[in-house]
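So the protein lines, in turn, are chains A and B. Taking our numbering, I'd label the letters of the first sequence as residues 150 to 351. Taking our numbering, I'd label the letters of the second sequence as residues 150 to 351.
2 protein chains.
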Amino acid sequence: MSLQVIPPALERLIQDLCKLPGIGQKTASRLGMTILRRPANEARELADALTQLHSSIQLCSCCFTFSESDPCSICGNLKRDASLVCVVEQPGDLLAIEKAGNFNGHYHILHGVLSPMDGIGPAELKIKELEARINSGTIKEIFIATSSTVPGEATASFLIDRLHKRPVLLTRLACGIPMGMDIKYADRHTLARAIESRSETR
Amino acid sequence: MSLQVIPPALERLIQDLCKLPGIGQKTASRLGMTILRRPANEARELADALTQLHSSIQLCSCCFTFSESDPCSICGNLKRDASLVCVVEQPGDLLAIEKAGNFNGHYHILHGVLSPMDGIGPAELKIKELEARINSGTIKEIFIATSSTVPGEATASFLIDRLHKRPVLLTRLACGIPMGMDIKYADRHTLARAIESRSETR
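Spelled out as structure tokens, the structure:
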């Protein structure tokens, strides 16, 4: 009923915006209306940025993160430790770890997690490429930093299984109570993991 | 620090997305990453929709809503009552009233509310155009449906002041308790207004 009064060009934009994660019909309408109210050059600028995106960004041939240069700024940085490689699910995870500010190694992006239901097996992830990097002989430590979700844990287990005979140290991101959190509000799985992984005071 | 590892083309898209209402740095990063992970033609489709938006949509010369035709589908609909005109702040308000489904008149979009702090006075809104429509003589009722916010109320008062000598009936959207709301959770201003506007049972 209301569709009749929404101009088709606006409706098209709204439907396209709806395909993005976390954007429903209402948010998409609000965004579309705002873009329409603002000057046309702002919409053009956003359209340009979208058009440029895929043409100027590629995957780094070493770590498979998104980058405009190959190798990326991290793989090409001689000040970083090439013997330590952090394995993450997605480029967004790399950013999160970079923001933490205390990791100075290289990365390896899997581009997903094992998810048999969605048809994503080891061949769909950059696992062979990780093994090829290990074969090259410069890597001493593989630091697995997949998320502590069910598929993230499954992927980590798979990697540990596959790599434990290689001459590299396998490490994992610690799980526990978030900084500043009151123990009584922690869920029991997190608390159990934090107790299990308790460390000696220094 | 993290900027260094975000490719400039992605950073540009993220900054453009940040300009939209309700989208902060984190949401924009997530959206940008998602768009980058998905096929390039999806980004192109969204870019196309954005580019087309302003070129195919104009303001209806009668009610000033966004439309691809002039007059718009409402002003051009002979089945609708042209003697009843609903005055709203923005085209989005028109959609909300259309969705309610029980209004069969025409509209008039002010394109804003009075806001002296932002330099928006009566001349910046489509008030002269509303007066011209009244002068044309077909309008019997002006139904003011601005929001019940401070600037919305101020705009309504201004319109009532300006139009009360005209030979048209001036009406306003009713304020009261939302449907299905428990009285004890209503704020006192809404409750006071609802008591004031109480109506006789039929």
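Glycine is no exception: its CB is placed at the ideal position from the N, C-alpha and C atoms.
Check	Outcome
Simplified DSSP state of ILE291/A, which is helix, strand or coil	strand
C-beta atoms of CYS235/B and CYS221/B nearer than 8 Å	no
Nearest-angstrom Cα separation, counted from PRO327/A out to TYR334/A	11 Å
For LYS289/B and LEU318/B, believed in contact at Cβ under 8 Å, the rounded distance	6 Å
Endpoints, the alpha helix (DSSP H) within which ARG193/A is located	189-205
Partners in chain A for ALA196/B, counting only beta-carbon separations shorter than 7 Å	ALA196, LEU199 and THR200
Minimum C-alpha distance to GLY286/B - residue among LEU233/B, PHE215/B and LEU208/B	LEU233/B
ILE320/B and ILE293/B closer than 8 Å at C-beta	Looking at the sequence provided, one finds Thr at residue 320/B rather than Ile. Against a cut-off of 8 Å, the Cβ pair of ILE293/B and THR320/B comes out as a contact.
Counted within 10 angstroms of its Cβ, other Cβ atoms place HIS257/A as buried (16 or more) or exposed	buried
Short CB-CB distance (under 8 Å) between VAL234/B and chain A	no
Span of the alpha helix (DSSP H), counted from its first residue to its last, around SER178/A	174-186
Within-8 Å CB hit, ALA158/A to chain B	yes
For VAL299/A and ALA177/B, the rounded distance between their alpha carbons	26 Å
9 Å Cβ cut-off: residues of chain A touching PRO170/B	ARG179, LEU180 and THR183
Those residues which DSSP pairs with CYS235/A across a bridge	TYR256/A and PHE292/A
Buried or exposed (CB count within 10 angstroms, at least 16 for buried), GLN174/B	exposed
Beta-carbon separation (whole angstroms), LEU195/B vs LEU202/A, contact threshold 8 Å	So it is not a contact: roughly 10 Å between Cβ atoms.
Proximity test, SER348/B beta-carbon vs the ligand SAH heavy atom, cut-off 7 Å	No copy of the ligand SAH appears in this structure; indeed no ligand is present at all.
Sequence-distant residues of its chain with Cβ nearer than 7 Å to GLU273/A (five each side left out)	GLY261
Interface flag, CYS167/A vs chain B, CB-CB below 8 Å	no
Close beta carbons around LEU152/B, own chain, < 8 Å, minus the five adjacent residues each side	The predicted model places LEU152/B with a pLDDT of 47, which falls under 50 and marks its position as unreliable, so this point remains unresolved.
Start-to-end residues for the beta strand (DSSP E) that takes in LEU318/B	318-321
Through-space distance from PHE215/A to ASP242/A, alpha-carbon basis	12 Å
Beta-carbon neighbours of ALA231/B, restricted to chain A and to distances below 8 Å	Ordered by position in chain A, no residue passes the 8 Å Cβ test against ALA231/B, which lies about 16 Å from the chain.
Under 8 Å between C-beta atoms of ASP230/B and GLY254/B	yes
Closer than 9 Å at the beta carbon, the chain A residues around LEU243/B	VAL154
Contact set between ILE206/B and chain A, taken where Cβ atoms lie within less than 7 Å	PRO156, ALA158, LEU159 and LEU185
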